[in-house]
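Our numbering numbers the first residue of the sequence shown as 35 and each following residue consecutively.
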Amino acid sequence: MKKLSTVLFLALTFVGANLFAQTLEKCGTMHNHAELQKKNPSLASKRQSVEQIAQEWLKNNSTKKMTVATIPVVFHVVYNPSIPAQNVPDSIIYSQLQVLNDDYRRTNADTVNTRPEFDSLATDVQIEFCLANVDPNGNFTTGINRVTTTANDFSFSPFNNAVKKTASGGVDPWPATDYLNIWVCDMYMGGSPFVLGYAQFPGDDPATDGVVLTYQHTGYRPWDAAASPANLGRTASHEVGHYFGLRHIWGDGDCDSTDYVTDTPNAVEASQQICTLTNNTCDDAIAEPYWNGWDPFDMLENYMDYSTDACMNMFTHGQKARMWSFLNTDRVSLLTSTKCDGPTFINEILPTSSLVVYPNPASNGITLEWPGEFKFERLEVVNLVGKTLINENVLSAYAKYTVNTSELTNGVYFVKLVNGNNVTVKKIVIQK
Ligand SMILES: [Zn+2]
């Protein structure tokens with residue numbers, strides 16, 4: 035609490051001053067949580083009950099074999115038209131989704147950087163993320179909801195959730211039972227980073243549920259020196275960890291504070307945007323029977339620390355179990371959400387029903403046929419996260435076209451026929 039009041043005092047007193055760079059709190063989740071509890075005192079007991087239910091689930095399901103969960107995501111890009119940079123391009127959103135998928139499936143390229151002593155503790159969390167293709171009204175969506183605002187920034191959103199409310203210049207969430215809502219907006223304060231993101235824990239108010247990212251640190255942007263060292267999209271990996279119930283690995287206190295996970299070594303405080311791998315701030319050998327006399331270094335590789343994006347590369351088995359305990363209790367509705375399974379057409383000149391695609395599932399080639407009066411310029415095949423993998427010119431005289439899919443791996447894709455702004459989309463499956 036001392037830390038919170040210090041930050042708040044500085045924030046309120048020195049708006050515009052350059053002090054924020056020094057008082058940067060990478061993550062505003064605990065500030066936001068404290069504010070929510072202050073406004074709603076009954077939240078503390080509700081959170082406690084959600085925690086208990088999740089822990090009980092974990093006790094009874096510790097050996098349960100997990101399948102892969104796919105979580106529908108909507109990105110709300112909230113921007114002021116007079117500040118075009120706030121309206122981040124689709125490519126940044128796609129790269130953010132890719133980072134989340136890599137980090138939560140441990141397919142990230144930098145797993146080799148996990149120190150050998152932590153290697154056996156690191157794991158594939160078996161959670162994936164897809165861009166929603168059905169909006170709350172049942173209509174097609176790209177999963178990217180662009181909303182204009184008159185606000186210049188949302189620097190106080192960690193304290194008032196302004197970006198999550200249409201009434202305060204942001205946008206209301208889509209139902210939290212079906213979507214992971216991620217707002218992307220400007221949370222810089224006086225032109226400097228203040229918090230890079232914040233999340234809401236399971237069990238809090240559904241009207242403000244989700245994750246908020248400051249746009250300057252959204253997506254994979256290794257070229258962006260100004261966003262360094264938080265420029266590799268891992269603010270989102272950290273915040274989504276909170277969304278699934280994870281705490282900071284130092285337990286937001288001293289060496290005695292817990293993150294409710296045994297296989298993350300204790301740390302006395304956050305590693306503030308550093309990667310000093312010799313840090314060992316607590317003696318785990320004596321304090322924690324789990325380590326059996328070993329005193330490991332602080333785990334700066336963990337996404338739930340405050341280390342640099344380049345330093346982070348792992349979740350532990352204990353963190354995975356904790357996330358799944360919430361995913362099977364308070365957040366269980368996400369497991370059956372169909373918001374990535376909808377019809378994929380956008381209503382244009384050619385009705386999707388008139389586009390015939392065969393064979394489907396396909397292996398090395400797929401043929402499209404459509405009535406000759408409809409003309410197209412281009413054919414694209416995109417994957418579930420919206421990345422274009424095939425892009426070919428289609429002569430407009432053609433009413434039949436075969437595309438070579440031999441380079442595609444097994445999975446679900448969308449084939450798009452494009453003519454100017456008119457697009458017809460069909461879902462295809464590659465199975466070899
Ligand atoms: Zn955090």
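Here a beta-carbon is modelled for each residue, glycine too, at the ideal position from N, C-alpha and C.
Buried versus exposed, by CB contacts within 10 Å (16 or more), residue i
{"i": "Asn335", "result": "Note that residue 335 is Glu in the sequence shown here, rather than Asn. Under this definition Glu335 is a buried residue."}
{"i": "Ile85", "result": "The amino acid occupying residue 85 in the given sequence is Glu; Ile does not appear at that position. Answer is buried; the Cβ neighbour count reaches 16."}
{"i": "Asn210", "result": "Position check: residue 210 holds Ala in this sequence, whereas Asn was assumed. Buried, since its Cβ has 16 or more Cβ neighbours within 10 Å."}
{"i": "Lys73", "result": "exposed"}
{"i": "Lys434", "result": "exposed"}
{"i": "Glu441", "result": "exposed"}
{"i": "Thr370", "result": "exposed"}
{"i": "Glu90", "result": "exposed"}
{"i": "Ala259", "result": "exposed"}
{"i": "Glu273", "result": "buried"}
{"i": "Ala241", "result": "exposed"}
{"i": "Ile117", "result": "exposed"}
{"i": "Ala167", "result": "Rather than Ala, the amino acid found at residue 167 in this sequence is Asn. Asn167 is buried by the Cβ-count criterion."}
{"i": "Asp290", "result": "exposed"}
{"i": "Trp257", "result": "exposed"}
{"i": "Thr372", "result": "exposed"}
{"i": "Val295", "result": "buried"}
{"i": "Ala396", "result": "buried"}
{"i": "Trp328", "result": "exposed"}
{"i": "Pro393", "result": "exposed"}
{"i": "Ser79", "result": "exposed"}
{"i": "Leu423", "result": "exposed"}
{"i": "Gln353", "result": "buried"}
{"i": "Gln465", "result": "exposed"}
{"i": "Gly237", "result": "buried"}
{"i": "Pro75", "result": "exposed"}
{"i": "Asn94", "result": "exposed"}
{"i": "Ala201", "result": "exposed"}
{"i": "Gln120", "result": "buried"}
{"i": "Asp153", "result": "exposed"}
{"i": "Lys99", "result": "exposed"}
{"i": "Asn142", "result": "buried"}
Own chain, CB closer than 6 angstroms to residue i, minus 5 neighbours either side, in chain order
{"i": "Arg503", "result": "Not covered by the structure: residue 503. The range shown for the chain is 35 to 466."}
{"i": "Thr350", "result": "Leu155, Asp297 and Thr298"}
{"i": "Asp169", "result": "Thr175"}
{"i": "Asn147", "result": "Asn347"}
{"i": "Asn362", "result": "Trp91"}
{"i": "Gln307", "result": "Pro263 and Thr342"}
{"i": "Phe410", "result": "Val428, Leu451 and Asn453"}
{"i": "Asn438", "result": "Gly399"}
{"i": "Thr104", "result": "Glu162 and Cys164"}
{"i": "Phe379", "result": "Confidence in Phe379 is poor, its pLDDT being 40 and thus under 50, which makes the residue's placement unreliable; the coordinate value appears in the next sentence. Cβ neighbours of Phe379 beyond the five flanking positions: Thr386 and Val459."}
{"i": "Ile127", "result": "Phe109 and Ile178"}
Cβ-based neighbour list, residue i, same chain, cut-off 7 angstroms, excluding 5 preceding and 5 following
{"i": "Glu499", "result": "The structure shown does not extend to residue 499, since the chain is modelled only from 35 to 466, so the question has no answer here."}
{"i": "Pro330", "result": "Glu151, Pro299 and Asp318"}
{"i": "Trp325", "result": "Asp318 and Ala319"}
{"i": "Gly203", "result": "Thr183, Thr184, Ala185 and Ala196"}
{"i": "His276", "result": "Thr63, Ala233 and Phe235"}
{"i": "Val391", "result": "Ile400, Leu402, Val449, Lys460 and Ile462"}
{"i": "Asp158", "result": "Arg139 and Arg140"}
{"i": "Tyr222", "result": "Asp187, Ser189, Phe228, Thr248 and Gln250"}
{"i": "Ala304", "result": "His282, Trp284, Asp339 and Tyr340"}
{"i": "Lys199", "result": "Asp206"}
{"i": "Phe360", "result": "Ala88, Pro236, Phe278 and Gly279"}
Cutoff 8 angstroms; reference residue i; Cβ partners in own chain excluding five residues on either side
{"i": "Ala270", "result": "Gln130, Val133, Leu134, Ile216, Gly231, Val245, Leu247 and Thr252"}
{"i": "Asp124", "result": "Thr176, Ile178 and Gly420"}
{"i": "Ala344", "result": "Asp144, Pro263, Leu266 and Cys309"}
{"i": "Leu389", "result": "Leu402, Glu403, Trp404, Leu451, Thr458 and Lys460"}
{"i": "His67", "result": "Gln234, Phe235 and Asp238"}
Any contact of the stretch 177-197 with the stretch 384-402, i.e. 3+ C-beta pairs under 8 angstroms? no
Output the residues surrounding ligand 1, defined as those with a CB atom closer than 6 angstroms to any ligand heavy atom, in chain order. A Cβ closer than 6 angstroms to some heavy atom of ligand 1 marks a residue here, and those residues are Cys61, Thr63, His272, His276 and His282.
Would you call the stretch 129-145 and the stretch 191-202 in contact, with 3 or more CB pairs under 8 angstroms? no
Would the stretch 445-457 and the stretch 415-427 be scored as touching if the rule is three or more Cβ pairs under 8 angstroms? yes
Any chance you could list the alpha helix (DSSP H) runs of at least 4 consecutive residues sitting entirely within the stretch 277-361, in chain order? 318-321 and 351-361
In chain order, what are the residue ranges of uninterrupted alpha helix (DSSP H) at least 4 long that sit wholly in the stretch 72-123? For the stretch 72-123, whole alpha helix (DSSP H) runs of length 4 or above, ordered along the chain, are 77-94.
Note down, one range per segment and in chain order, each alpha helix (DSSP H) of at least 4 residues found wholly within the stretch 188-246. 191-194, all fully within the stretch 188-246.
Report the start-end ranges of each alpha helix (DSSP H) in the stretch 137-188 that is 4 residues or longer and not cut off at the edges. Those alpha helix (DSSP H) runs which fall completely within the stretch 137-188 and span 4+ residues are 150-153.
Counting only runs of 3+ residues fully inside the stretch 380-422, write out the beta strand (DSSP E) ranges in chain order. 390-392, 399-403 and 412-417
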